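Numbering (UniProt numbering), first residue to last: 1 to 440. Backbone N, C-alpha and C fix where the C-beta goes; we use that ideal spot for every residue, glycine too. From a predicted model like this one, the values you see are computed outputs, not experimental measurements.
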Ligand code: G6P
Ligand code: MN
């Protein structure tokens, strides 16, 4: 099997230890020659990088490991680029969440006005990353987790339409599959799902088992009877438990399909905004919780000199998915994953340029998505509105257009009112001066 060179962009992320652990777990199907962590934040990078040295020395001493803030070192001679950057870090996520809530509309990492603001920040750095990677490693696969993945995917498709080796992914569908598995006591690896939508905006229509029985009706029934919890509920903060719990409401109101958790921001925008605390949001919860824990533990591991028995990695889905996707591509395994691809007829009554999230077989030629066919009016209407919002966001960025930004936010179901959209937009422009192009 080929030995791979990979770089993790956003090496100083709280998610990095989980990905590194997944890399050491999957060496049998994804052998490694060289692993590089790359980040623009030297301080965060160093903490995670020093932890990683110990992890690799213990779990995979044959792997050459380095960390760097130097682009050339990061991107040269790579087979895979795993990307998970967060422009502006958690302090900007906090603003994305709090500013809209201050106007009474949803403030969330990837949905609504917060997602818009984050998208406008991510696009610039993502374009730069792709240009740099292509300069130093023309053939590398770029697997991207960077959020808001829907907007990032659309922007990269616009700017690099001929680049067939960029794949945008999200772990939420697989988190849901794992959670369904726990709910009905079934091995989620054996599920064969049918899914369609946009990123953080989709539905499972069927969950087939090994024998071709659709388990979705049973899963819905169980959710209606006893509620819904994440597979790793014991490790989750309260806000995530609340998020999963609202799936029950969505299944009751719209019993046809199993919804992605993120749809609640669009289906119940007022109810949800009223539940969120504009003074203490998920960003605060993460900074006080996961971020503190990961960095403390990494420092502690360095002091002790061993990563054995460390708790630093618990969210397996995120780490496992990106490594398994890479293995499936590299070894032409043709496993099924839910990924983000250009529609091109997959959903036959949506336009070709929509970046849809759908189940696909992944092999050496990239994703081969499974056809979905026609979708019904409710879903089509929701998706087309959301796609128009995403497209206008990308165009607002590329053209520096205030009007398009205002149109985008007005179309977003979490806002709707154009006067409110203007207030939120103006406040976000002020907060994002350092990051956004000037909107005229
Ligand atoms: C899921 C989503 C990601 C998102 C993350 C937020 O994994 O798929 O897109 O970034 O949740 O998690 P957090 O714990 O940071 O709120
Ligand atoms: Mn996601």
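- Assign residue 324 to one of two classes, buried (16 or more other C-beta atoms within 10 Å of its C-beta) or exposed (fewer than that). A buried status is given to residue 324, since no fewer than 16 other beta-carbon atoms sit within 10 Å of its beta-carbon.
- Do residue 188 and residue 177 have their CB atoms nearer than 7 Å? Yes, these two residues count as a Cβ contact at 7 Å.
- Task: Give a single yes or no on whether residue 96 has its beta carbon closer than 6 Å to a heavy atom of the ligand G6P.
- Result: No, Cβ of residue 96 sits at least 6 Å from all heavy atoms of the ligand G6P.
- Query: Which one of 338, 353 and 339 has the shortest CA to CA distance from residue 345?
  - Reply: Its Cα nearest to that of residue 345, the residue 353 stands out among 338, 353 and 339.
- With 16 other Cβ atoms within 10 Å as the buried cut-off, status of residue 403: In this structure residue 403 is exposed. Its beta-carbon is surrounded by fewer than 16 other beta-carbon atoms within 10 angstroms.
- Going by other Cβ atoms of all chains shown within 10 Å of its Cβ, with 16 needed for buried, is residue 1 buried or exposed? Residue 1 comes out exposed.
- Grab me the residues of residue 13's own chain with a C-beta within less than 6 Å of its C-beta, minus the 5 sequence neighbours each way, in chain order. Annotation for residue 13: 84 place their beta carbon closer than 6 Å to its own, counting only its chain and skipping 5 residues before and after.
- Would you identify the three-state DSSP class for residue 61, choosing helix, strand or coil? DSSP places residue 61 in the coil class of the three-state scheme, outside both helix and strand.
- Message: Can you tell me where the beta strand (DSSP E) holding residue 361 begins and where it ends?
- Response: 355-363 is the extent of the beta strand (DSSP E) around residue 361.
- Query: Roughly how far, in whole angstroms, is the beta-carbon of residue 111 from the beta-carbon of residue 337, given that I think they are within contact range, below 8 Å?
  - Reply: Actually they do not touch by this definition, with Cβ atoms about 23 Å apart.
- Message: Is residue 111 near the ligand MN - that is, is its Cβ less than 6 Å away from at least one heavy atom of it?
- Response: No, Cβ of residue 111 sits at least 6 Å from all heavy atoms of the ligand MN.
- For residue 118, the three-state DSSP class (helix, strand or coil): Helix at residue 118.
- Heavy atom of the ligand G6P within 6 Å of residue 131 beta-carbon: No, since every heavy atom of the ligand G6P falls outside the 6 Å radius drawn around the Cβ of residue 131.
- Message: Let me check one thing: in DSSP terms, what residues is residue 32 bridge-paired to?
- Response: DSSP lists 4 as partners of residue 32.
- When every heavy atom of the ligand ATP is checked, does at least one fall within less than 6 Å of the C-beta of residue 170? Only the ligand G6P and the ligand MN can be found as ligands here, which leaves the ligand ATP out of the picture.
- Task: Would you list the residues sitting across from residue 289 in a DSSP beta bridge?
- Result: As computed with DSSP, residue 289 is found in no beta bridge at all.
- Query: The alpha helix (DSSP H) with residue 18 in it runs from where to where?
  - Reply: For residue 18, the enclosing alpha helix (DSSP H) covers residues 16-25.
- Message: Quick check: is any heavy atom of the ligand G6P less than 6 Å from the C-beta of residue 147?
- Response: Annotation for residue 147 indicates a beta carbon within 6 Å of some heavy atom of the ligand G6P.
- Query: In whole angstroms, what separates the C-alpha of residue 267 from that of residue 240?
  - Reply: For residue 267 and residue 240, the distance between alpha carbons rounds to 17 Å.
- By a C-beta neighbour count over all protein chains shown, 10 Å radius and 16 as the cutoff for buried, is residue 442 buried or exposed? In the structure displayed, the chain extends from 1 to 440; residue 442 sits before or after that span and is not available.
- Item | Straight-line gap, residue 53 to residue 65 (C-alpha atoms, nearest Å) | Answer to the nearest angstrom: the Cα atoms are 7 Å apart.
- Query: Of the choices 204, 58, 121 and 4, whose alpha-carbon is the least far from that of residue 78?
  - Reply: Checked all of 204, 58, 121 and 4; the closest Cα to residue 78 is 4.
- Residues near residue 215 in its chain [Cβ-Cβ closer than 6 Å; skip 5 each side]: For residue 215, where only same-chain residues beyond five positions count, the Cβ hits under 6 Å are 207 and 209.
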